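So in numbering that gives the first Met the number 0, the last spot in the sequence shown is 326, and the numbers never skip.
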Amino acid sequence: MSTPTKVIFDTDPGVDDAMALYFALAHPAIDVVGITTTFGNVTVEQAATNALYLTAIAGKTIPVTKGVATPWVKPGEAPPAFIHGADGLGNLASRVATSNQLDPRSSAQFIVDMARAHPGEITLVAVGPLGNLSLALKLEPQLPKLLKEVILMAGTVVEPGNVSPVAEANVWNDPHAADHVFTAGWKLTMVGLDVTHRVIVPLAMFKKIADKQKHIATDVLHHAVSFYADFYSGIYPHVAKIHGCFGHDVLAFIYLVNPELFVIESGAIRVATEGIANGQTMMKRKDIFHPQAGWADKPATQVCMQVQAEACNTLLEEVLMSDWLPR
Numbered sequence: 000m001s002t003p004t005k006v007i008f009d010t011d012p013g014v015d016d017a018m019a020l021y022f023a024l025a026h027p028a029i030d031v032v033g034i035t036t037t038f039g040n041v042t043v044e045q046a047a048t049n050a051l052y053l054t055a056i057a058g059k060t061i062p063v064t065k066g067v068a069t070p071w072v073k074p075g076e077a078p079p080a081f082i083h084g085a086d087g088l089g090n091l092a093s094r095v096a097t098s099n100q101l102d103p104r105s106s107a108q109f110i111v112d113m114a115r116a117h118p119g120e121i122t123l124v125a126v127g128p129l130g131n132l133s134l135a136l137k138l139e140p141q142l143p144k145l146l147k148e149v150i151l152m153a154g155t156v157v158e159p160g161n162v163s164p165v166a167e168a169n170v171w172n173d174p175h176a177a178d179h180v181f182t183a184g185w186k187l188t189m190v191g192l193d194v195t196h197r198v199i200v201p202l203a204m205f206k207k208i209a210d211k212q213k214h215i216a217t218d219v220l221h222h223a224v225s226f227y228a229d230f231y232s233g234i235y236p237h238v239a240k241i242h243g244c245f246g247h248d249v250l251a252f253i254y255l256v257n258p259e260l261f262v263i264e265s266g267a268i269r270v271a272t273e274g275i276a277n278g279q280t281m282m283k284r285k286d287i288f289h290p291q292a293g294w295a296d297k298p299a300t301q302v303c304m305q306v307q308a309e310a311c312n313t314l315l316e317e318v319l320m321s322d323w324l325p326r
């Protein structure tokens with residue numbers, strides 16, 4: 000990529016969101032032109048606070064907006080403080096003072112405004128519940144033609160879910176919004192648990208990065224990942240052997256810059272919005288006749304089904320070890 004790709008990052012930071020944000024800010028082929036926040040790993044208010052803080056301590060000035068606070072239809076759930084910490088960043092002991100402020104627009108309006116101002120130029124990378132993107136579609140039905148591409152860290156096809164036997168958390172948090180997004184007709188790629196559960200990032204990597212960079216941003220990231228790694232190592236023996244965590248959100252950005260590291264299948268995706276399968280992402284993997292309603296003429300989604308995990312970890316370390324932070 001000779002010219003950096005303009006990206007709006009839709010996020011609910013969140014430890015893995017912070018990892019993804021710093022990868023995006025450090026990578027020379029990515030130009031983060033805005034951060035839109037949503038509920039999910041934390042409340043939307045905390046998500047916006049964290050986005051402002053993470054960018055400020057990294058020396059970046061990027062528009063940050065606050066978006067949807069609750070799901071479309073289903074009751075909201077308490078954020079998973081046991082995974083990300085009550086503050087979303089592993090319960091930081093303190094925070095330095097910062098002065099950056101929120102952009103006054105809603106996240107959905109910001110997405111629409113930026114897409115209209117830069118038609119065909121912006122990739123939207125969404126790694127939380129999909130209410131902001133769904134609301135933006137309602138505000139601007141032509142959004143699929145205005146955005147260059149949408150990449151989601153969401154869903155699963157074969158891999159078991161992480162909040163139910165069949166559902167991934169971002170989709171489960173707002174299944175009605177997710178189904179709206181999957182059927183909207185843009186260039187869409189799903190980076191879900193089928194690949195993110197294959198990439199285990201060792202905590203030792205983040206200590207190495209923090210020791211090399213000697214910067215508050217990488218110290219905060221190391222602290223947050225330590226909390227996150229303790230959670231995952233406590234429930235997955237194979238993760239405990241590495242003492243690490245799943246890459247999750249950063250894989251969406253790795254796909255953006257190095258899609259050759261992934262094996263893709265293509266097919267329509269629908270989301271179950273009720274019952275015991277609530278939040279399940281169902282993929283039409285064979286081109287055969289489906290008599291059931293709801294599948295005819297639905298657009299195809301590119302779905303990441305396999306990944307070169309070691310190469311992803313190598314790339315993540317190289318990018319975060321690069322000279323990207325102010326001194």
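C-beta: ideal position from N, C-alpha, C; glycine also. Being a predicted model, the structure only gives us computed values, none of them experimental.
Helix, strand or coil at residue i according to DSSP, with G and I counted as helix
i: E167; result: coil
i: Q301; result: strand
i: M332; result: Lying before the first or after the last residue shown, residue 332 is absent from the chain, which here runs from 0 to 326.
i: L146; result: coil
i: L88; result: coil
i: I287; result: coil
i: S1; result: coil
i: Q100; result: coil
i: M281; result: strand
i: M18; result: helix
i: G243; result: strand
i: L132; result: helix
i: L187; result: strand
i: L202; result: helix
i: L151; result: strand
i: V256; result: helix
i: A389; result: Outside the modelled stretch of the chain, which goes from 0 to 326, sits residue 389, for which no answer is possible.
i: E158; result: coil
i: V180; result: helix
Bridge partners - residue i, DSSP secondary structure assignment
i: D9; result: T35 and A125
i: L319; result: DSSP lists no partner for L319.
i: S105; result: K65
i: G266; result: T300
i: I29; result: T4
Length of the line joining the Cα atoms of residue i and residue j
i: V14; j: K297; result: 34 angstroms
i: A209; j: I34; result: 24 angstroms
i: Q100; j: E259; result: 38 angstroms
i: E120; j: V63; result: 19 angstroms
i: V126; j: P78; result: 15 angstroms
i: E273; j: Q279; result: 10 angstroms
i: A228; j: L202; result: 7 angstroms
i: L129; j: H237; result: 30 angstroms
i: V43; j: G75; result: 12 angstroms
i: A308; j: Y231; result: 17 angstroms
i: R104; j: D286; result: 42 angstroms
i: K147; j: V270; result: 23 angstroms
i: Q141; j: K73; result: 27 angstroms
i: F109; j: I234; result: 38 angstroms
i: H222; j: G293; result: 45 angstroms
i: N161; j: A80; result: 15 angstroms
i: A216; j: G87; result: 15 angstroms
Same chain only: Cβ atoms within 6 angstroms of residue i, ignoring 5 sequence neighbours per side
i: V111; result: A135, L138 and E139
i: D218; result: A209
i: V67; result: T37, G130 and N131
i: V165; result: A276 and Q279
i: G58; result: P325
Contacting residues, own chain, Cβ-Cβ under 8 angstroms from residue i (five flanking each side not counted)
i: T300; result: F181, L187, T188, M189, S265, G266, A267, I268 and M282
i: N90; result: G84 and F226
i: M0; result: Any answer about M0 is weak, because its pLDDT of 49 lies below 50 and its placement is not dependable; what the coordinates show is given next. Correct list, in chain order: A28 and V256.
i: R94; result: Y52
Residue from the options with nearest C-alpha to residue i
i: Y254; options: L151, D173, N169 and K240; result: L151
i: I241; options: V270, V198, T272 and H222; result: V198
i: V256; options: K59, A55, L192 and V124; result: V124
i: S321; options: V156, I61 and K213; result: K213
i: V157; options: H196, I215 and A177; result: H196
i: V306; options: F261, I275 and A295; result: F261
i: N277; options: G154, L53 and P174; result: P174
i: A176; options: P70, Y52 and D30; result: P70
i: D11; options: V95, T2, L24 and N49; result: N49
i: A46; options: G184, L192, H26 and A17; result: A17
i: V302; options: R284, H222, W294 and A223; result: R284
i: G39; options: L220, A183 and N169; result: N169
i: P143; options: H179, P325 and G293; result: H179
i: F205; options: T313, V41 and G191; result: T313
i: C244; options: L220, K207 and V200; result: V200
Same chain only: Cβ atoms within 7 angstroms of residue i, ignoring 5 sequence neighbours per side
i: H117; result: K5
i: V113; result: Looking at the sequence shown, residue 113 is not Val but Met. Answer for M113: I7, V32, G33 and I121, listed in chain order.
i: F22; result: V249, F252, L315, V318 and L319
i: A19; result: V126, D248, V249, A251 and F252
i: L24; result: V31, A57, K59 and W323
Residue-chain proximity (residue i, chain B), Cβ-Cβ < 8 angstroms
i: H247; result: Reference to chain B is not applicable here, since this structure consists of a single protein chain.
Residue i Cβ short of 7 angstroms to the ligand NAP heavy atom set
i: Q100; result: As far as ligands go, the structure on display features none, and thus does not contain the ligand NAP.
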